[in-house]
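*Asks:* Following the UniProt record's numbering, the numbering of the sequence shown begins with 6 at its first residue and continues without gaps.
Beta carbons are placed, not taken as given, at the ideal position from N, Cα and C, and that holds for glycine.
Just so we're clear, the structure is a prediction, and the values are computed from it rather than from any experiment.
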Amino acid sequence: RQKPKSELRIWVDGCFDMMHFGHANALRQAKEMGGYLVVGVHSDAEILKNKGPTVMTEQERYAAVAACKWVDEVVPNAPYLTSLEWMDKYGCQICAHGDDVTTMADGSDCYQLVKDAGRYWEYKRTQGVSTTELVGRMLLGTNELKDTPAASTSPFLPTSQKLIQFSSARDPLPGEKVVYVHGGFDLFHVGHIEFLKAAKALGSYLIVGIHDDVTVNKKLGGSYPIMTVQERALSVLQCRYVDEVIIGAPAVITKDVLEKVWTVDVVVGKKGEKVNDEVYALPKSLGIYTEVEPELSDMTTVTVIDRIIANRQLY
Ligand code: CTP
6 RQKPKSELRI
16 WVDGCFDMMH
26 FGHANALRQA
36 KEMGGYLVVG
46 VHSDAEILKN
56 KGPTVMTEQE
66 RYAAVAACKW
76 VDEVVPNAPY
86 LTSLEWMDKY
96 GCQICAHGDD
106 VTTMADGSDC
116 YQLVKDAGRY
126 WEYKRTQGVS
136 TTELVGRMLL
146 GTNELKDTPA
156 ASTSPFLPTS
166 QKLIQFSSAR
176 DPLPGEKVVY
186 VHGGFDLFHV
196 GHIEFLKAAK
206 ALGSYLIVGI
216 HDDVTVNKKL
226 GGSYPIMTVQ
236 ERALSVLQCR
246 YVDEVIIGAP
256 AVITKDVLEK
266 VWTVDVVVGK
276 KGEKVNDEVY
286 ALPKSLGIYT
296 EVEPELSDMT
306 TVTVIDRIIA
316 NRQLY
């Protein structure tokens, strides 16, 4: 007899390399299948054996999955072949995966065992986003595009439905301390996660302003950003520390941002970040500006791209 949905524990496993909103959407759908979501993440060695090298290290990939708001538990070092014993060990009745075939190094289906046992459910893969496609955009950016944002080549179709599914749909409650941060949040990575976590800790409702593609390009030049503002908004919304986003926030923090829709109590910047004086002038004059120093990661979008270029012969 099948357990009621709320008592089902769902198992998902994968590489989650350069975790993007397609991965997050997979985890969202898996979480909806039951009451508790356990995500197994493969180690670097296991992925190397079955698929090839990763861009992100296992520690970075574990942290990225743990920061996703639909994930209840992360299991590091998960095997490529999903066995019934392994799922039982974590109390999971059902294994979920996207509607694509995932094979081991020898070509066999990673999910054959759970499929044969009738313990396999499928969700839809998200069209228009994959690690391979994002790497393609980054390489295009460094080679051919020069001064055009690589985001302009995105094949993803951002729909209102996707935004609704990712939204927390919650306003700040009276008396809640509202925190505001802004940025590009391109190729959402562990550096962003650490920053958002530290910012959220200064209040209880975190709003993230995301600059549009033109604003990011003006700031960083070259072919930045790699992802469109809508894609970057989804990447930020899937993060457990985030309550709301502005899709296309102004480069300079204005009175409107601080007062029009909500009342911002604290604006948080990153220590050592190079910005024009005017960007934080208003919150500074109001005495509501503060800075955090993310402790664990000094990763930036440029670091991610540098790694890919360094490894490019391997992809
Ligand atoms: N997934 C998805 N939609 C995408 C990409 C991945 O639903 N656009 C799902 C996969 O089906 C899987 C989970 O995310 O259930 C983890 O995927 P992962 O093992 O990291 O591998 P890939 O499918 O190779 O993802 P990508 O192509 O982006 O590397």
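Below 8 Å on the Cβ atoms is my guess for F190 versus K275; work out the distance and round it to an integer in Å.
*Replies:* With a Cβ gap of about 12 Å, F190 and K275 do not count as contacting.
*Asks:* For Q243 versus C73, is the C-beta distance shorter than 7 Å?
*Replies:* Closer than 7 Å, so yes.
*Asks:* Quick check on D191: does DSSP put it in helix, strand or coil?
*Replies:* Looking at D191 - three-state DSSP - the assignment turns out to be coil, as it is neither helix nor strand.
*Asks:* Can you name, in chain order, every residue of its own chain whose Cβ lies under 7 Å from the Cβ of N55, other than the five neighbours on each side?
*Replies:* For N55, where only same-chain residues beyond five positions count, the Cβ hits under 7 Å are Y85, M109, A110.
*Asks:* At the level of alpha carbons, what is the spacing between V266 and A71?
*Replies:* Rounded to the nearest angstrom, the two C-alpha atoms are 30 Å apart.
*Asks:* To the nearest angstrom, how far is the alpha carbon of A31 from that of V134?
*Replies:* Going from the Cα of A31 to the Cα of V134 covers about 12 Å.
*Asks:* Starting from E127, follow its DSSP beta bridges and name the residues at the other end.
*Replies:* DSSP lists H102 as partners of E127.
*Asks:* Using only CA atoms, which one of L178, D49, V250, G146 lies nearest to I314?
*Replies:* Of the listed residues, the one whose Cα sits closest to I314 is G146.
*Asks:* Please report the Cβ distance between D248 and Y294, rounded to the nearest whole angstrom; I am assuming they are in contact, meaning their Cβ atoms lie under 8 Å.
*Replies:* With a Cβ gap of about 20 Å, D248 and Y294 do not count as contacting.
*Asks:* Mind checking which residues open and close the beta strand (DSSP E) that includes T308?
*Replies:* Careful: T308 lies outside any beta strand (DSSP E), inside the alpha helix (DSSP H) at 306–315.
*Asks:* Checking the sheet assignment: what are the DSSP bridge partners for L211?
*Replies:* Looking at the DSSP assignment, L211 forms a beta bridge with V184.
*Asks:* Check the C-beta distance from P288 over to I258 and give it rounded, since I have them as a contact under 8 Å.
*Replies:* That pair is a contact at about 6 Å.
*Asks:* Return yes when the Cβ of V309 is within less than 7 Å of the Cβ of L192, no when it is not.
*Replies:* Their beta carbons are under 7 Å apart, which means L192 touches V309 by this criterion.
*Asks:* Along the chain, which unbroken stretches of the alpha helix (DSSP H) at least 4 residues long are found entirely within the UniProt domain "Cytidyltransferase-like" (17–140)?
*Replies:* Listed in chain order, the complete alpha helix (DSSP H) runs (minimum 4 residues) inside the UniProt domain "Cytidyltransferase-like" (17–140) are 26–37, 49–55, 63–71, 89–94, 117–121.
*Asks:* Are the stretch 217–224 and the stretch 86–93 touching by the rule of at least three beta carbon pairs closer than 8 Å?
*Replies:* Contact between the stretch 217–224 and the stretch 86–93 is absent, because fewer than three Cβ pairs lie under 8 Å.
*Asks:* Could you check where the beta strand (DSSP E) with V297 kicks off and where it finishes?
*Replies:* Unbroken beta strand (DSSP E) run through V297: 294–297.
*Asks:* Does G226 come out as helix, strand or coil in the three-state DSSP assignment?
*Replies:* G226 falls in the coil class under three-state DSSP.
*Asks:* Within this structure, are the beta carbons of V184 and G208 separated by less than 7 Å?
*Replies:* Going by C-beta atoms, V184 is nearer than 7 Å to G208.
*Asks:* Relative to the C-alpha of G19, which residue among Y41, S11, L53, E149 is closest?
*Replies:* Out of Y41, S11, L53, E149, L53 has the C-alpha closest to the C-alpha of G19.
*Asks:* Please classify T59: is it buried, with 16 or more other beta-carbons within 10 angstroms of its beta-carbon, or exposed?
*Replies:* The residue is buried, with at least 16 neighbouring Cβ atoms inside 10 Å.
*Asks:* Report yes if the CB atom of H187 is closer than 7 Å to the CB atom of A286, and no otherwise.
*Replies:* Taking 7 Å as the Cβ cut-off, H187 and A286 do not qualify as a contacting pair.
*Asks:* Over what stretch of residues does the beta strand (DSSP E) that includes E249 continue unbroken?
*Replies:* Start and end: 249–252.
*Asks:* Just reading off the alpha helix (DSSP H) that V273 is part of, what are its end residues?
*Replies:* That residue, V273, is in no alpha helix (DSSP H); its beta strand (DSSP E) goes 271–275.
*Asks:* Just to confirm the assignment, what range does the alpha helix (DSSP H) spanning A238 have?
*Replies:* Its alpha helix (DSSP H) spans residues 234–242.
*Asks:* Is Y299 near A203, with beta carbons less than 7 Å apart?
*Replies:* Note that residue 299 is Pro in the sequence shown here, rather than Tyr. Result yes, Cβ atoms of P299 and A203 sit closer than 7 Å.
*Asks:* To the nearest whole angstrom, what separates the beta carbons of E213 and S302, a pair I think is in contact under 8 Å?
*Replies:* Here residue 213 turns out to be Val, not Glu, going by the sequence shown. In fact, because the Cβ distance is near 17 Å, the residues do not count as touching under 8 Å.
*Asks:* State the start and end residues of the unbroken alpha helix (DSSP H) segment that holds S159.
*Replies:* Here S159 belongs to no alpha helix (DSSP H), and DSSP marks it neither H nor E.
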